[in-house]
Amino acid sequence: FGTIKYKETKMKKILCTFLAFLLLASLAACGKTEAETSGENPENSILRIGAANDWTSEGMNLVFDTLTYRINSTEASKQLIEVIPNEDYTEFTLKVTEGIEFSDGTKLDAECVKYSIENEALADTLGFHTLMSSLEIKDDSTLIATFPSSYATFEYELSYILAVKVGAVSPEGNITEYIGTGMYVLGDFTPGSSCTFTYNEKYWNAANKKPSVTTVEWKVIPDLPTRVMTLENKEIDVIGISEHGGINDYATLNQLRDVEGINIDMKADGAPAMYMLNYTKGPTTDINLRKAISLAINRERLCDVICFGFAEPAYTYILEDERYAPTDGVKFSYDVDAAKKLLADGGYVDTDNDGILEKDGQNVVLKLVTLSSETYRNTAVLVKEDLESIGIGVEVEALDATGYYAKSEVGDFDICFTHPWKEPVTYYTWRCTYSDYDTMGTGFGFDEKFKDYYDVVSAGLDKEAIQSFFDMFWDETYDFVPAVTLYSGGNARVYTDEVSGFIWGRGHGLLNLIDLSEVVVNRK
Numbered sequence: 057f058g059t060i061k062y063k064e065t066k067m068k069k070i071l072c073t074f075l076a077f078l079l080l081a082s083l084a085a086c087g088k089t090e091a092e093t094s095g096e097n098p099e100n101s102i103l104r105i106g107a108a109n110d111w112t113s114e115g116m117n118l119v120f121d122t123l124t125y126r127i128n129s130t131e132a133s134k135q136l137i138e139v140i141p142n143e144d145y146t147e148f149t150l151k152v153t154e155g156i157e158f159s160d161g162t163k164l165d166a167e168c169v170k171y172s173i174e175n176e177a178l179a180d181t182l183g184f185h186t187l188m189s190s191l192e193i194k195d196d197s198t199l200i201a202t203f204p205s206s207y208a209t210f211e212y213e214l215s216y217i218l219a220v221k222v223g224a225v226s227p228e229g230n231i232t233e234y235i236g237t238g239m240y241v242l243g244d245f246t247p248g249s250s251c252t253f254t255y256n257e258k259y260w261n262a263a264n265k266k267p268s269v270t271t272v273e274w275k276v277i278p279d280l281p282t283r284v285m286t287l288e289n290k291e292i293d294v295i296g297i298s299e300h301g302g303i304n305d306y307a308t309l310n311q312l313r314d315v316e317g318i319n320i321d322m323k324a325d326g327a328p329a330m331y332m333l334n335y336t337k338g339p340t341t342d343i344n345l346r347k348a349i350s351l352a353i354n355r356e357r358l359c360d361v362i363c364f365g366f367a368e369p370a371y372t373y374i375l376e377d378e379r380y381a382p383t384d385g386v387k388f389s390y391d392v393d394a395a396k397k398l399l400a401d402g403g404y405v406d407t408d409n410d411g412i413l414e415k416d417g418q419n420v421v422l423k424l425v426t427l428s429s430e431t432y433r434n435t436a437v438l439v440k441e442d443l444e445s446i447g448i449g450v451e452v453e454a455l456d457a458t459g460y461y462a463k464s465e466v467g468d469f470d471i472c473f474t475h476p477w478k479e480p481v482t483y484y485t486w487r488c489t490y491s492d493y494d495t496m497g498t499g500f501g502f503d504e505k506f507k508d509y510y511d512v513v514s515a516g517l518d519k520e521a522i523q524s525f526f527d528m529f530w531d532e533t534y535d536f537v538p539a540v541t542l543y544s545g546g547n548a549r550v551y552t553d554e555v556s557g558f559i560w561g562r563g564h565g566l567l568n569l570i571d572l573s574e575v576v577v578n579r580k
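Per my numbering, the very first residue in the sequence shown carries number 57; after that it's consecutive.
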């Protein structure tokens, strides 16, 4: 019997040890996340963005929603405010969507909307800022905006305005309180270095858009080669996620083209790269010279040599599939013989046979001002070669942004890189009613009558009338040659094979929208 008792005691000890192990395992499981217990990697809820600038440059809509959207989609039925115009678009009723809160629980109401419209810095650049007669609160969820004449683009322009809390904007128009109604809430933020966002549990549109990415890490890496190297090492997941953070350095894209584990998406862009010609002072005030420049540029060579096939030659300021684009096709072309004839007919001669033409006894040597990044610099070098082939001397000044802006806004150039055309109505109201200088060279308002057409364009009521105006405008503008096109390629987004589901930023221009709602992370 003694032997049997020993065996019973030993079995009890084994059983107790086993039960204790099960209890500890159960307690340990209770301390784990659902992702860990199901075998999922918790890192798959984190997206790591490498950016050229702080999120406050072009990532603001991660935290702040725009008042309206800029695209026709299901989103249009679900936005912060509903805009209801009267028959002639002189009065707009703005209805605030019920039940929307800021991430701190503050209710979005008519007062917040009014404050946002009246105080944000971007409002200063939009037509309604100077045209709107009044903006009054009718009740807690309703506002009335009035205009002295039809202004159908008001709803579109409201898509540039972020919804902010009352008092959240400085006198200079900068947002100072980073609490919004957007998909994410700002956490740690070190300006010029990094920040972290977490999913907004109060997000009002979660039924339609609920991301699998619940944490976003935004890392500022100003230097492009360093940004690329960090991506290749998989320390970040994506670069080029915002419009101006996108890569337009085609040599870099060419190097990445065949790198294993790296994907490249090009954003279709109807805005070709362009050079402005200084038609207000200096040698390029001569129409013959401006036309010769437009004919001498070999755009196909630019695409092959500079763009490595990532871009297409551009012969119009905007592409034909854009709204209000030229209806009669190509406007610029490549014709060296025609360029030389224009110069000869215009009195340009080479009396000393040095290969550089003279006009009125002076050598024709043009100052070309551009940005210093590789694509811009190399583009300028090839354009210089093209122009020198017809006897036009060129001195290239490739500058950083500060130096470039300093020269372009005072007209210290003959040719300079300029902002491409965007959505025609918006761009027209921005740059086509004046001929003085801005940070992109001269405006397109070389003809005083263009100011008279502002109301036709901005009202936006009669689409046929607007197209008829633009047909006339394009003809006169291309004949005048205030600027020349180069190529159209757009920016690129580059990401590792561990992420997918990116949506190109909806909208463009002053505010680019970043949409992470469909991004999936799958760490290997």
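Ideal Cβ placement from N, Cα and C applies to all residues, glycine included.
Leaving out five residues before and five after residue i in sequence, what residues of the same chain have Cβ atoms less than 8 Å from its Cβ?
i: threonine 189; result: Contrary to the premise, residue 189 reads as serine rather than threonine in this sequence. Taken in chain order, the residues that qualify are Thr202, Phe203 and Pro204.
i: valine 583; result: As displayed, the chain neither begins before 57 nor continues past 580, which places residue 583 out of reach and without an answer.
i: threonine 271; result: Ser101, Ile102, Leu103, Thr252, Phe253, Thr254 and Tyr255
i: threonine 146; result: Thr202, Phe203, Pro204, Ser205, Ser206 and Tyr207
Looking only at its chain, what residues have a beta carbon closer than 7 Å to the beta carbon of residue i, apart from the 5 residues adjacent to it on each side?
i: isoleucine 292; result: Arg104, Ile105, Gly106, Lys275 and Thr286
i: isoleucine 193; result: Ala166, Glu167, Lys170 and Leu199
i: histidine 475; result: Met496
i: isoleucine 570; result: Gly115, Asn117, Leu118, Ile297, Ser298 and Gly561
i: aspartate 160; result: Ile235
Considering only the alpha carbon of each residue, which of the options lies closest to residue i?
i: aspartate 599; options: Ala208, Thr237, Met332 and Thr232; result: What the structure shows of the chain is the stretch from 57 to 580, and residue 599 is not part of that stretch, so it cannot be assessed.
i: threonine 186; options: Tyr371, Thr485, Val537 and Met330; result: Thr485
i: isoleucine 362; options: Asn304, Pro339, Leu413 and Ile318; result: Asn304
i: valine 222; options: Ser215, Ser172 and Leu191; result: Ser172
i: threonine 489; options: Val513, Ile471 and Phe469; result: Val513
i: asparagine 256; options: Leu178, Asn310, Val119 and Asp508; result: Val119
i: leucine 280; options: Ala307, Tyr483 and Lys258; result: Ala307
i: lysine 397; options: Ala521, Ala436 and Asn344; result: Asn344
i: tyrosine 335; options: Pro538, Ala436, Thr122 and Glu356; result: Pro538
i: aspartate 384; options: Val405, Asp527, Asp553 and Leu542; result: Asp527
i: proline 369; options: Pro339, Leu542 and Ser215; result: Leu542
i: valine 481; options: Phe469, Thr458, Cys472 and Ala521; result: Ala521
i: threonine 112; options: Asn230, Phe469 and Thr153; result: Asn230
i: serine 618; options: Leu178, Asn264 and Gln135; result: Only positions 57 to 580 of the chain appear in this structure, which leaves residue 618 out of reach.
Would you list the residues sitting across from residue i in a DSSP beta bridge?
i: asparagine 319; result: Tyr551
i: arginine 104; result: Glu273
i: asparagine 409; result: For asparagine 409, which the question treats as bridged, DSSP gives no partner whatsoever.
i: glutamate 451; result: Lys423
i: lysine 151; result: Glu138 and Thr198
i: serine 250; result: Thr246 and Lys275
i: proline 369; result: Tyr543
i: lysine 415; result: Gln418
i: cysteine 472; result: Met332 and Val425
i: tyrosine 255; result: Tyr240
i: threonine 583; result: Only positions 57 to 580 of the chain appear in the structure, and residue 583 is not among them; the question remains open.
i: threonine 122; result: Leu218
i: glutamate 192; result: Ile200
i: serine 556; result: Val576
i: valine 225; result: Ile231
Please classify residue i as buried or exposed, where buried requires at least 16 other C-beta atoms within 10 Å of its C-beta.
i: arginine 313; result: exposed
i: arginine 379; result: exposed
i: lysine 347; result: buried
i: leucine 517; result: exposed
i: lysine 387; result: buried
i: glycine 403; result: exposed
i: glycine 87; result: Model confidence at glycine 87 stands at a pLDDT of 46, short of 50, so the residue's coordinates are unreliable and nothing is read from them.
i: glycine 155; result: exposed
i: asparagine 547; result: buried
i: proline 247; result: exposed
i: isoleucine 137; result: buried
i: threonine 232; result: exposed
i: glutamate 33; result: The shown model of the chain, from 57 to 580, leaves out residue 33, and the question about it has no answer.
i: isoleucine 277; result: buried
i: alanine 457; result: exposed
i: serine 389; result: exposed
Taking 8 Å as the threshold (beta carbon to beta carbon), is residue i in contact with chain D?
i: methionine 496; result: Among the protein chains of the structure shown there is no chain D, as only one such chain exists.
Can you list, in chain order, the residues of its chain with a C-beta nearer than 6 Å to that of residue i? Leave out the 5 residues immediately preceding and following it.
i: proline 267; result: Leu572 and Ser573
i: aspartate 15; result: Here the chain comprises residues numbered 57 to 580, so residue 15 is not present and cannot be evaluated.
i: alanine 81; result: Low confidence applies to alanine 81: its pLDDT is 47, below 50, so where it sits in the model is not reliable, and the reading given next is rough at best. No residues qualify anywhere along the chain.
i: alanine 91; result: Any reading at alanine 91 needs caution, since the residue's pLDDT is 42, under 50, leaving its predicted position unreliable; the model's value is listed next. Excluding sequence neighbours, alanine 91 sits near Pro98.
i: lysine 507; result: Thr489
Under the criterion of a Cβ to heavy atom distance below 7 Å, does residue i qualify as lining the ligand FAD?
i: lysine 275; result: For the ligand FAD, the structure offers nothing, since it holds no ligand at all.
Discussion item. Using 8 Å as the cut-off, can you tell me whether the stretch 447-457 makes contact with the stretch 404-423, which would need three or more C-beta pairs spanning the two stretches below that distance?
Written reply: Contact annotation: the stretch 447-457 touches the stretch 404-423, with at least three C-beta pairs closer than 8 Å.
Practice prompt. Check whether the stretch 234-241 touches the stretch 204-217, counting contact only when three or more Cβ pairs, one atom from each stretch, lie closer than 8 Å.
Written response: Flag = no, the stretch 234-241 and the stretch 204-217 do not touch.
Practice prompt. Examine the Cβ distances between the stretch 517-528 and the stretch 349-361 and report whether three or more of them are shorter than 8 Å.
Written response: Cβ pair count under 8 Å is below three, so no.
Discussion item. Does the structure place the stretch 523-539 close enough to the stretch 367-386 that three or more beta carbon pairs sit under 8 Å?
Written reply: Contact between the stretch 367-386 and the stretch 523-539 is present, because at least three Cβ pairs lie under 8 Å.
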